[in-house]
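Respectively, the protein sequence lines represent chains A and B.
Here the first sequence stands for residues 1 to 203, where the numbers follow the working numbering.
Here the second sequence stands for residues 204 to 406, where the numbers follow the working numbering.
Accompanying notes for the structure given below.
There are 2 protein chains.
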Amino acid sequence: MVPSTPIAPTTGKPDQARPRGAARREALLDAVLLIVAESGTDAVTHRRVAEVAELPLASTTYWFKSKEHLLTAALELAAKRDIARLRDDVASAPDSADPVVLAIDAILTPTEPVRTSLITTYALLLEAARRPALRAVAEDWTQAYLDTIGALLERAGSSQPHDDAELLLAAADGLLITQLATGHDADLQAPLVRLGRSLVGTS
Amino acid sequence: MVPSTPIAPTTGKPDQARPRGAARREALLDAVLLIVAESGTDAVTHRRVAEVAELPLASTTYWFKSKEHLLTAALELAAKRDIARLRDDVASAPDSADPVVLAIDAILTPTEPVRTSLITTYALLLEAARRPALRAVAEDWTQAYLDTIGALLERAGSSQPHDDAELLLAAADGLLITQLATGHDADLQAPLVRLGRSLVGTS
DNA sequence: CCGATTTCGGTACATATGTACCACCCATTG
DNA sequence: CAATGGGTGGTACATATGTACCGAAATCGG
Numbered sequence: 001m002v003p004s005t006p007i008a009p010t011t012g013k014p015d016q017a018r019p020r021g022a023a024r025r026e027a028l029l030d031a032v033l034l035i036v037a038e039s040g041t042d043a044v045t046h047r048r049v050a051e052v053a054e055l056p057l058a059s060t061t062y063w064f065k066s067k068e069h070l071l072t073a074a075l076e077l078a079a080k081r082d083i084a085r086l087r088d089d090v091a092s093a094p095d096s097a098d099p100v101v102l103a104i105d106a107i108l109t110p111t112e113p114v115r116t117s118l119i120t121t122y123a124l125l126l127e128a129a130r131r132p133a134l135r136a137v138a139e140d141w142t143q144a145y146l147d148t149i150g151a152l153l154e155r156a157g158s159s160q161p162h163d164d165a166e167l168l169l170a171a172a173d174g175l176l177i178t179q180l181a182t183g184h185d186a187d188l189q190a191p192l193v194r195l196g197r198s199l200v201g202t203s
Numbered sequence: 204m205v206p207s208t209p210i211a212p213t214t215g216k217p218d219q220a221r222p223r224g225a226a227r228r229e230a231l232l233d234a235v236l237l238i239v240a241e242s243g244t245d246a247v248t249h250r251r252v253a254e255v256a257e258l259p260l261a262s263t264t265y266w267f268k269s270k271e272h273l274l275t276a277a278l279e280l281a282a283k284r285d286i287a288r289l290r291d292d293v294a295s296a297p298d299s300a301d302p303v304v305l306a307i308d309a310i311l312t313p314t315e316p317v318r319t320s321l322i323t324t325y326a327l328l329l330e331a332a333r334r335p336a337l338r339a340v341a342e343d344w345t346q347a348y349l350d351t352i353g354a355l356l357e358r359a360g361s362s363q364p365h366d367d368a369e370l371l372l373a374a375a376d377g378l379l380i381t382q383l384a385t386g387h388d389a390d391l392q393a394p395l396v397r398l399g400r401s402l403v404g405t406s
């Protein structure tokens, strides 16, 4: 479908919307992330990516030498963005904020806008379980979370902030995945805050 | 490869190893689970499944009307087996066992023998996030865990066993996924026991 | 302004894939 | 024993897919 948008004379999109150069690379990766979220990694084909990005098929092979490369680059981009988002969230919070609540909100933020981005995240992490090439990215990603959340918990009075952050983060991941898989949507903030306080207190 | 095992006269496998009838159905599903673990859901093709199961291609379409059906049936089987395994583990433990440790060991058991089965589990759960048809299975699966672990925590003195089980389970899932994704293998039992005691105590 | 290099985009092609088809085997039943 | 029907397995085929190729357009250094 969509036979490469023949000419699209006057009507239709500005056609100048088509990104060029390096921006095109990112547009393709955005398409990959969207597809992974909606239909899984197996639905990522050169043709589908091109179609979603509204770019010609050949652009996918020009910017990425293989499908493998396309997927790893997408994971890297997702990680980069989410880490930046996390740091921003924490940095821009008022100093008066409760560190535990702040930490949990920062973890839970991506839930709201795009449930899809969450699926993408976990799908790509799983991919890392199989492809060693992705391990490093997965590691950086989790490390960034551990550092950020650990610092907050330390501020909250935890005596073993690293271990506490690990558990809190894991619990959040687990709850999110279960929620995705079952389709429910209970409130996650309350139970996580309880856990956070329990951990920090019991130290 | 393995061109349907032409005749395999005397050497080679007994050829009678080939399951027939309904057993064949399960052999195919086993193959699906193995493939998902090793190469992801996208690697599940009729041909590959047949090859791994050492059965003819047509057997896959005879027992399952579509690839979709093949995947959902595999998830159901994995869930059924794991739930039975969980209950057995708990039921066969001595009464003197510490309920918290028992609960955590029961959750962590599948780690040891087949790291692959874990990948399969999470991969299929993610699949459920996209295919509503799988939601019910995912729900039963998590519910079985919640009930079992909840009962143990109640025995351990928890005043809100359901909530505690939810958090403990989530933390275990999160830690396992991170471990899979990064390739590390730290000890998970200790931190989870700490969390379990912290939750039960703080009630 | 010009040549070189990068980027673009249409197309071709070998292979993989889902699935249908159909002939055969074999146990059960009447 | 014949018929019947579920099970088995080889094969065909239309379509999807990864990727190579190559000429045209854009961009940039001089």
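Beta carbons are placed, not taken as given, at the ideal position from N, Cα and C, and that holds for glycine.
Buried or exposed: which applies to residue i, given that a residue is buried once 16 or more other Cβ atoms fall within 10 Å of its Cβ?
i: Lys13 (chain A); result: Residue placement at Lys13 (chain A) is flagged as unreliable, the pLDDT there being 43, under the threshold of 50; the coordinate-derived value follows with that caveat. That one is exposed.
i: Pro161 (chain A); result: buried
i: Ser401 (chain B); result: buried
i: Gln179 (chain A); result: buried
i: Ser158 (chain A); result: buried
i: Arg250 (chain B); result: exposed
i: Asp95 (chain A); result: exposed
i: Gly377 (chain B); result: buried
i: Tyr62 (chain A); result: exposed
i: Pro56 (chain A); result: exposed
i: Tyr294 (chain B); result: Residue 294 (chain B) is actually Ala in this sequence, not Tyr. Counting Cβ neighbours within 10 Å, Ala294 (chain B) comes out exposed, since fewer than 16 surround it.
i: Ala407 (chain B); result: The displayed coordinates of chain B run from 204 to 406. Any statement about residue 407 (chain B) would go beyond what the structure contains.
i: Gly196 (chain A); result: buried
i: Ala374 (chain B); result: buried
If I follow the unbroken alpha helix (DSSP H) through residue i, where does it start and stop?
i: Lys268 (chain B); result: Where Lys268 (chain B) is concerned, there is no enclosing alpha helix (DSSP H), given that its DSSP letter is neither H nor E.
i: Leu188 (chain A); result: No alpha helix (DSSP H) contains Leu188 (chain A), which DSSP labels as neither H nor E.
i: Arg334 (chain B); result: That residue, Arg334 (chain B), is in no alpha helix (DSSP H); it is neither H nor E in DSSP.
i: Ser242 (chain B); result: 225-242
i: Asp376 (chain B); result: 364-385
i: Arg47 (chain A); result: 46-53
i: Asp105 (chain A); result: 99-108
Taking residue i as the reference, which of the options has the closest Cα?
i: Ser262 (chain B); options: B:Val239, B:Ala246, B:Ala234, B:Ile238; result: B:Ala234
i: Ala103 (chain A); options: A:Leu169, A:His69, A:Ala136; result: A:Leu169
i: Ile310 (chain B); options: B:Ala384, B:Ile352, B:Asp343; result: B:Ile352
i: Gln392 (chain B); options: A:Glu139, A:Leu167, A:Thr45; result: A:Leu167
i: His184 (chain A); options: B:Arg338, B:Lys270, B:Asp350; result: B:Arg338
i: Leu273 (chain B); options: B:Thr381, B:Ile238, B:Val304, B:Asp292; result: B:Ile238
i: Trp344 (chain B); options: B:Pro302, B:Ala359, B:Arg397, B:Ala281; result: B:Ala281
i: Ala389 (chain B); options: A:Leu176, A:Thr182, A:Asp163; result: A:Asp163
i: Thr182 (chain A); options: B:Glu330, B:Gly360, B:Glu257, B:Arg228; result: B:Glu330
i: Asp301 (chain B); options: B:Gly377, B:Ala225, B:Ala347, B:Arg358; result: B:Arg358
i: Pro335 (chain B); options: A:Ser96, A:Arg24, A:Glu38; result: A:Glu38
i: Leu176 (chain A); options: A:Pro110, A:Gly201, A:Leu195, A:Ala151; result: A:Pro110
i: Ala256 (chain B); options: B:Ala226, B:Ser295, B:Glu271; result: B:Ala226
i: Arg194 (chain A); options: A:Val101, A:Leu29, A:Arg130, A:Glu68; result: A:Val101
i: Val340 (chain B); options: B:Leu349, B:Asp350, B:Leu328; result: B:Leu328
i: Ala129 (chain A); options: B:Lys283, B:Leu231, B:Ala332, B:Thr319; result: B:Thr319
i: Gln143 (chain A); options: A:Gly196, A:Lys80, A:Glu68; result: A:Lys80
i: Lys65 (chain A); options: A:Arg25, A:Val200, A:Tyr145, A:Pro191; result: A:Arg25
i: Leu33 (chain A); options: A:Gly196, A:Tyr145, A:Val49, A:Arg18; result: A:Val49
Any heavy atom of the ligand ZN closer than 7 Å to the Cβ of residue i?
i: Val304 (chain B); result: Absent from the structure shown: the ligand ZN. Ligands present: none.
Problem set entry | Sufficient close CB pairs (3 or more, under 8 Å) joining the stretch 120-140 of chain A to the stretch 65-77 of chain A | yes
Exercise. Pairing CB atoms from the stretch 41-61 of chain A with CB atoms from the stretch 78-98 of chain A, are three or more of them under 8 Å?
Worked result: no
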